[in-house]
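*Asks:* Count along the sequence shown starting at 1, add 811, and that's the number in this note's numbering. I have a structure I would like to understand better, so I am pasting it below and will then ask my questions one at a time.
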Amino acid sequence: MEFNENSRKSYMPIEPDIHEQLNWDYDLIVSCLEYIRNEIPHILKIDSDKVEVFLVSFYNFLGQHYPAIGIRNKPDLKENIELDFFEIEEKVENWLTNLGIENLKQKAKDIKVIDWKTLEILKEYPKF
C-alpha cells in the first residue's frame with residue numbers, strides 16, 4: 812500500500828469475522844478488536860514502529876457504520892511497508908481460529924477501551 816502527502820489519512824481496513832459470533836454487541840466487538848489491534852504487529856510479524864494500527868468506525872456500501880481495525884504505514888517512514896490485504900486477512904483469521912472466540916472474549920474482558928458510540932464519533936482511536 813503506497814501513501815503520499817494527500818493520502819496521509821488513508822488506511823487499510825482489517826475486518827475480523829467476529830461480529831456475528833459476538834451477537835453484534837458493538838461494545839464487546841470494540842473490546843475484542845482492541846485486543847486484536849494490540850496483537851497485530853505480532854500476528855503480521857511487522858515492526859510496530861513502522862505502522863499505525865487503530866480502531867475505526869468503518870462503513871459498508873449502504874453507509875452502515877461498524878467497528879473495525881485500520882492499519883497504515885507511519886508517515887515518517889523512508890520506505891513503505893507493503894501491506895497486502897489478502898495476506899493480512901488470512902493471517903488474522905488464522906490467528907483468530909487458533910485463539911478461539913471464547914478465549915478472545917476472555918482476553919478482551921478487562922481491556923480498558925472506548926465504547927462504540929465514542930468510536931463512532933471519533934472515527935479513529937487512538938488518533939495518531
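Where a beta carbon is used, it is the ideal one built from N, C-alpha and C, also for glycine.
Tell me the rounded alpha-carbon separation between ASP828 and GLU904.
*Replies:* In a straight line, the C-alpha of ASP828 is about 7 Å away from that of GLU904.
*Asks:* Tell me whether the beta-carbon of ILE899 lies closer than 8 Å to the beta-carbon of LEU855.
*Replies:* Cβ distance < 8 Å, so ILE899 and LEU855 count as in contact.
*Asks:* Would you give the residue range spanned by the beta strand (DSSP E) that TYR877 belongs to?
*Replies:* TYR877 -> beta strand (DSSP E) spans 876-884.
*Asks:* For the region 913-928 against the region 833-848, do three or more pairs of beta-carbon atoms, one drawn from each stretch, fall closer than 8 Å, so that the two count as touching?
*Replies:* Touching, per the Cβ criterion.
*Asks:* For the alpha helix (DSSP H) containing VAL841, list its first residue and its last residue.
*Replies:* Its alpha helix (DSSP H) spans residues 837-855.
*Asks:* Give me the DSSP bridge partner(s) of LEU866.
*Replies:* Beta-bridge pairing links LEU866 to ILE880, TYR936.
*Asks:* Among the residues of its own chain, which have a CB less than 6 Å from the CB of PRO852, if the five just before and after it don't count?
*Replies:* Here the set comprises SER859.
*Asks:* For SER842, count neighbouring C-beta atoms within 10 Å of its own C-beta (all shown protein chains included) and say buried if the count is 16 or more, exposed if not.
*Replies:* SER842 should be labelled buried.
*Asks:* By DSSP, does ILE825 sit in helix, in strand, or in coil?
*Replies:* Residue state, collapsed to three classes: strand.
*Asks:* Evaluate ASN909 with the Cβ neighbour count: other Cβ atoms within 10 Å of its Cβ, from every protein chain shown; 16 or more gives buried, anything less gives exposed.
*Replies:* That one is exposed.
*Asks:* Any idea if ILE880 is buried or exposed, counting beta-carbon neighbours within 10 angstroms, 16 or more meaning buried?
*Replies:* Buried is the call here.
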